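Going by our numbering, the first residue of the sequence shown is number 3, and it counts up by one from there.
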Amino acid sequence: MKVNSGSLPQPLNIQNVTLESPINGKALLETELKKLADDVYHESAPPELNQTYTKPLTMTSSQIDITKTVDDYMHELAVATGELYLPGGSVPKAVEKMLSPYDSLLSDINRQNPSLAYKNWGIAINQSGALEATGTITGFEKEFLEEKLNDSKELVSTISDFKSNFLKYIVPENRGYGRYDVTADNFLGVFDFREMLESSRSNDDFKKTWEYETNWLKLNDNILSQLKRNATSY
């Protein structure tokens with residue numbers, strides 16, 4: 003058999019290999035411990051920070067109702083779902099009741115100030131329960147609209163009902179409307195009720211079948227659309 007000598011490993015040259023002397027482990031350990039002690043206790047100790055303020059930490063158990071059972075929570079969720087989404091619920095019913103006074107008011111506004119029919123204005127409710135006119139309108143138009151809006155007691159009442167029931171029932175519901183951060187403080191900037199009413203009107207076929215002036219399916223879509231645009235999701 004012929005062996006190719008070029009493929010064989012070269013012999014190790016032991017003349018080029020140096021061996022280090024063993025390290026004194028005890029001496030090295032003592033040296034490193036001394037460095038550590040000097041560093042921590044003498045040289046590199048951080049300066050003491052001045053106290054800016056003190057605030058006691060208080061923890062209470064009142065935020066969690068541990069007396070509720072799973073059945074209790076499921077019942078609350080079922081009730082909230084019906085009140086928020088179904089046509090007989092308090093939230094869709096409030097919108098259904100808004101439409102008639104809104105249409106009467108709109109007819110009166112367009113008769114007295116026809117230019118507003120072509121302008122982008124909306125209706126919101128503030129923390130005190132008064133209606134505010136929003137959108138691209140002049141100061142005079144805003145004042146005119148808000149006087150008209152708040153003179154319509156039925157419209158004010160139904161929008162107020164929508165607000166109170168919406169805030170109440172989104173608490174146990176966290177899959178739809180309840181995924182968004184809506185409170186009494188930011189409610190003014192979340193919902194435009196003119197947009198809500200105009201977008202949820204029923205067509206003739208829906209009215210004939212369900213006998214509702216508003217289409218709750220379109221209403222649900224618009225509420226979610228406004229939440230996505232104007233509120234923060236959890």
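The beta-carbon is built from N, C-alpha and C at its ideal position, and this holds for glycine as well. Model, not experiment: these values are computed from the prediction.
Only residues of its own chain outside the window of five on either side were considered, and among them L79, A82, T83, L86 have a CB closer than 8 angstroms to the CB of E175, listed in chain order. Partner residues in a beta bridge of S166, as assigned by DSSP, do not exist. Beta-carbon to beta-carbon, I111 and K150 are separated by about 6 angstroms, close enough to satisfy the 8 angstroms threshold. CA-CA distance, E98 to K121, rounds to 24 angstroms.
The beta-carbon separation of E134 and L199, rounded to 16 angstroms, does not stay under the 8 angstroms limit for a contact. With fewer than 16 other beta carbons inside 10 angstroms of its own, K230 counts as exposed. Secondary structure at I172: coil, using DSSP grouped into helix, strand and coil.
Y75 sits exposed, since fewer than 16 C-beta atoms from the chains shown fall within 10 Å of its C-beta. The C-alpha of T136 lies about 12 angstroms from the C-alpha of F146.
Looking at the backbone, the Cα of Q228 and that of R196 are separated by about 12 angstroms. The continuous alpha helix (DSSP H) containing E143 extends over residues 141 to 153. With 16 or more other Cβ atoms inside 10 Å of its own Cβ, G180 counts as buried. Assignment of T160 by DSSP, reduced to helix, strand and coil, places it in the helix class.
Closest in alpha carbon position to W123, among A132, L108, Q114, S130, is L108. Taking a 10 Å sphere around the C-beta of P116, we find fewer than 16 other C-beta atoms and assign the residue as exposed. A distance of 8 angstroms or more separates the beta carbons of V158 and A233. Around the CB of L101, 16 or more other CB atoms lie within 10 Å, so the residue is classed as buried.
Assigned with DSSP and collapsed to three states, S202 falls in coil, not helix or strand.
Within the model, the alpha-carbon separation for S162 versus S106 is close to 18 angstroms.
In summary, N128 is exposed, with fewer than 16 beta-carbon neighbours lying within 10 Å of its beta-carbon over all protein chains present. In the same chain as V192, and ignoring 5 residues on each side of it, the C-beta atoms closer than 6 angstroms to its own belong to V184, N232, A233, in chain order.
If you draw a straight line from the Cα of F208 to the Cα of P89, it is about 13 angstroms long.
With a contact defined as Cβ atoms closer than 8 angstroms, N167 and S92 qualify at about 4 angstroms. For G137, the enclosing beta strand (DSSP E) has its first and last residue at 133 to 137.
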